[in-house]
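Undergrad:
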Amino acid sequence: MISAIQHRLRTAQGTPFALVEGAVSLASLKDRPTGMPAAFVIPVRAASSPNQRATGAILQKTESDVGVVIIFENLTSPLYEDGADELESLYRFVREQLVGFEPGDDEEPLQHIDGELVKARGGVVWWQETFGTAHYQESKE
874 MISAIQHRLR
884 TAQGTPFALV
894 EGAVSLASLK
904 DRPTGMPAAF
914 VIPVRAASSP
924 NQRATGAILQ
934 KTESDVGVVI
944 IFENLTSPLY
954 EDGADELESL
964 YRFVREQLVG
974 FEPGDDEEPL
984 QHIDGELVKA
994 RGGVVWWQET
1004 FGTAHYQESK
1014 E
């Protein structure tokens, strides 16, 4: 699922991202990525419902949230006021690419959950968009 989302953001026509990576690359960042704007696709959480069957193989619905951490730098304005427009442009692009996208054969289409500021310092802004999907897991008995 993560790799399918990364591929979609990397290869979409007009992608604004110089870099699209995953959780390991995000964890290794000290300050800022080598290319910006950047998008890091990360697993956020997964929660499964109780077994839906009384007997036999176990069947559970698992809901998963995936985050896209957007990192960009805006130093063109002394007060960084242009950064709000750039941020909006970036998260709108991500939403346009991912809302309704099916990241796997057994995954439900992605839905947007929320977006939030992670960090802003020294002209670099980190913003996370969160999307949700679900799939069913079945035991082999």
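With positions in the sequence shown counted from 1, the corresponding number in this note's numbering is that position plus 873.
Even for Gly, the Cβ is constructed at its ideal location relative to N, Cα and C.
Predicted, not measured: the structure shown is a model, and the values here were computed from it.
#1: In whole angstroms, what is the alpha-carbon distance linking residue 946 and residue 957?
#2: Determine the burial state of residue 928: buried for a count of at least 16 other Cβ atoms within 10 Å of its Cβ, exposed for fewer.
#3: Shortest alpha-carbon distance to residue 886 belongs to which of 916, 966 and 940?
#4: Using three-state DSSP, classify residue 937 as helix, strand or coil.
#5: What does DSSP give as the partner residue(s) for residue 911 in the beta ladder?
#6: For residue 973, which residues of its own chain have a beta-carbon under 6 Å away from its beta-carbon, when the five flanking residues on both sides are left out?
#7: Look up residue 1002 in the DSSP assignment and give the residues it is bridged to.
#8: Can you tell me where the alpha helix (DSSP H) with residue 926 in it begins and where it stops?
#9: Going by other Cβ atoms of all chains shown within 10 Å of its Cβ, with 16 needed for buried, is residue 970 buried or exposed?
TA: So, from the listed chains and residues:
#1: Locating residue 946 in the sequence shown gives position 73, where the first residue counts as 1. Locating residue 957 in the sequence shown gives position 84, where the first residue counts as 1. In this structure, the straight-line span from the alpha carbon of residue 946 to that of residue 957 is close to 11 Å.
#2: Here the question's residue 928 lines up with position 55 in the sequence shown. Residue 928 is exposed by the Cβ-count criterion.
#3: As a working note, residue 886 is residue 13 in the sequence shown. Between residue 886 and the set 916, 966 and 940, the nearest pair of CA atoms involves 966.
#4: Reading the sequence shown from its first residue, position 64 is the one you call residue 937. Strand at residue 937.
#5: Along the sequence shown, one-based indexing puts residue 911 at 38. DSSP lists 892 and 944 as partners of residue 911.
#6: Your numbering for residue 973 matches position 100 in the sequence shown. Only 982 meet the Cβ criterion.
#7: On the sequence shown, position 129 is the one that residue 1002 refers to. 941 and 988.
#8: The sequence position of residue 926 within the sequence shown is 53, counting from 1. In the DSSP assignment, residue 926 falls outside any alpha helix (DSSP H), carrying neither H nor E.
#9: Stepping through the sequence shown from its first residue, residue 970 is reached at position 97. It is buried - the Cβ of residue 970 has at least 16 other Cβ atoms within 10 Å.
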